[in-house]
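J.: Could you have a look at this structure, given as C-alpha cells, before my questions?
Written out as C-alpha cells, the structure is:
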C-alpha cells in the first residue's frame, strides 16, 4: 500500500493510525500488542483447557493436536497456561504503569511549576526511591510480606514513579516560560487552569511513549520474580513460573522453556516497535522529518 492510497487523517487518533500504517515496524508492533491484549482479555474462551487442571498421565508431552505446546510436569496444558499467563502479566503491567503515570504526573507537575524548595524536596524523594535497585527492593519487600500479585504491583509501581515524575518535571519546566503560558498568566489564568488545560496535554504524549517502552520491562520484572518464586503464587500461571519449570526440566523437555520465552520476546518486540512508532508521531521534530 502506498502513502498516497492512505486516507488523510481527520483526528488526532486518525493521525496516529495514519503514521502507524506508513511505518511497517510500527504496524507490526500494533498488531502484536493487540493480539496480546486480545488473548489476555479472551483467555477464558481461547484457552482450550483449565490452566490449573492436573492430568498426570499426560505429563511432559510434546506439541500435538490435543496440546499445541505440550504439557508440563503435572500434565497441565502449556498453551492454556501461556494464554492465562499473559493475563497475569497485563494485570501487573497495566495497573503498575497507570499508577506510576498518575503519581509521577502529579508530583512532576508540582515540582516543575512549583517553588524551588518544593522542587528540591520532590527531586530528593525521587532520588531516594531510585537509589534502591528495583529487583533488590522487590525481593526485600516480597520476602517481608510474602509473594502476591498486589505486592508485585505496588513495589514496581513505587519504583517507577520517579521515571515518569522526572520526565514530567523536565517538560513542565521547559513549558512554564513559553509565550502561550506567559500570555495566560497575564490574562489572569489560575495555576490550576494553566496546569490542567495547557501543560497537561503537552506532557501526555511523551508519557504514552515512555509507558509503551516500559510495559515489557514491567512484564519482565514480574516474570523474573515469578521465576525466583517471589511473584504470583502457584498454581496461578505465569510466564516466569513456566520458565522456572522449563529450566528445572530442560533435560526432560525443551518445550516448557520455549513456551515461556516466546511470549516474553513477542511482548518486548511488540511494545518496543509500537513505542518507537509513537515517538516518531509525538516528537514534532521527527514528525517534521517524516513529512518531508
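Numbering (our numbering), first residue to last: 119 to 410.
We put the CB at the ideal spot given by N, CA and C, even for glycine.
Roughly how many angstroms separate the alpha carbons of residue 192 and residue 258, rounded to a whole number?
T.: Approximately 31 Å, taken between the alpha carbons.
J.: Are there 16 or more other CB atoms within 10 angstroms of the CB of residue 298, so buried, or fewer, so exposed?
T.: So residue 298 ends up on the exposed side.
J.: Buried or exposed: residue 315, going by 16 or more other Cβ atoms within 10 Å of its Cβ?
T.: Exposed, because fewer than 16 other Cβ atoms sit within 10 Å of the Cβ of residue 315.
J.: So, using beta-carbon positions, are residue 388 and residue 147 closer together than 7 Å?
T.: Contact: yes.
J.: Restricting to Cα atoms, I'd like to know which of 174, 241, 234, 392 is closest to residue 333.
T.: Minimum Cα distance to residue 333 is reached at 392.
J.: Give the secondary structure of residue 390 by DSSP, where H, G and I count as helix, E and B as strand, and everything else as coil.
T.: In the structure shown, residue 390 sits in a helix (DSSP, three-state: H, G or I).
J.: Could you check which residue in 204, 255, 137 has the C-alpha nearest to that of residue 164?
T.: The shortest C-alpha separation from residue 164 is found at 204.
J.: Between which two residues does the alpha helix (DSSP H) carrying residue 248 extend?
T.: Note, residue 248: alpha helix (DSSP H), 234–248.
J.: Using the beta-carbon count (16 or more within 10 Å), is residue 185 buried or exposed?
T.: That one is buried.
J.: Out of curiosity, what's the CA-to-CA distance linking residue 174 and residue 366?
T.: In a straight line, the C-alpha of residue 174 is about 18 Å away from that of residue 366.
J.: Please determine, among 321, 211, 169, the residue with the shortest C-alpha to C-alpha distance to residue 267.
T.: Nearest option by C-alpha distance: 211.
J.: Do the region 279–291 and the region 222–238 meet, that is, are 3 or more Cβ pairs less than 8 Å apart?
T.: Cβ pair count under 8 Å is three or more, so yes.
J.: I need the DSSP call for residue 354, collapsed to helix, strand or coil.
T.: If DSSP states are grouped into helix, strand and coil, residue 354 belongs with coil.
J.: Grouping DSSP H, G and I as helix and E and B as strand, with all else coil, what is residue 398?
T.: If DSSP states are grouped into helix, strand and coil, residue 398 belongs with the helices.
J.: Give the DSSP bridge partners of residue 195, in chain order.
T.: According to DSSP, which records beta bridges pairwise, residue 195 is partnered with 189.
J.: Quick check on the burial criterion: 16 or more other C-beta atoms within 10 angstroms. Buried or exposed for residue 381?
T.: So residue 381 ends up on the buried side.
J.: Is it buried or exposed, residue 303, if we count other Cβ atoms within 10 angstroms and call 16 or more buried?
T.: Classification of residue 303: exposed, given that the 10 Å Cβ count is below 16.
J.: With a 10 Å radius around its C-beta and 16 neighbouring C-beta atoms as the bar for buried, classify residue 306 as buried or exposed.
T.: Result: exposed.
J.: Which value, in whole angstroms, describes the spacing of the CA atoms of residue 352 and residue 261?
T.: Rounded to whole angstroms, residue 352 to residue 261 spans 16 Å at the Cα level.
J.: Are residue 396 and residue 350 closer than 7 Å when you measure CB to CB?
T.: Contact: no.
J.: Between residue 181 and the rest of its own chain, which residues show a CB-CB distance below 7 Å, the 5 nearest in sequence each way excluded?
T.: For residue 181, where only same-chain residues beyond five positions count, the Cβ hits under 7 Å are 187, 188, 373.
J.: Any Cβ of chain D within less than 7 Å of the Cβ of residue 303?
T.: The structure shown contains no chain D; it is built from a single protein chain.
J.: Given a cut-off of 7 Å, decide if residue 219 and residue 282 are closer than it, judged by their beta-carbon atoms.
T.: Contact flag set, yes.
J.: Does DSSP put residue 141 in a helix, a strand or coil?
T.: Coil.
J.: Quick one: Cα of residue 265 to Cα of residue 354, how far?
T.: Distance between the alpha carbons of residue 265 and residue 354 is about 12 Å.
J.: To the nearest angstrom, report how far apart residue 356 and residue 207 are at their CA atoms.
T.: Taking the straight line joining both Cα atoms gives about 7 Å.
J.: Tell me the residue span of the alpha helix (DSSP H) that contains residue 291.
T.: That run of the alpha helix (DSSP H) goes 267–293.
J.: Which same chain residues, not among the five before or five after residue 167, have their C-beta less than 7 Å away from its C-beta?
T.: Counting only Cβ-Cβ distances below 7 Å, and skipping sequence neighbours, we find 195, 198.
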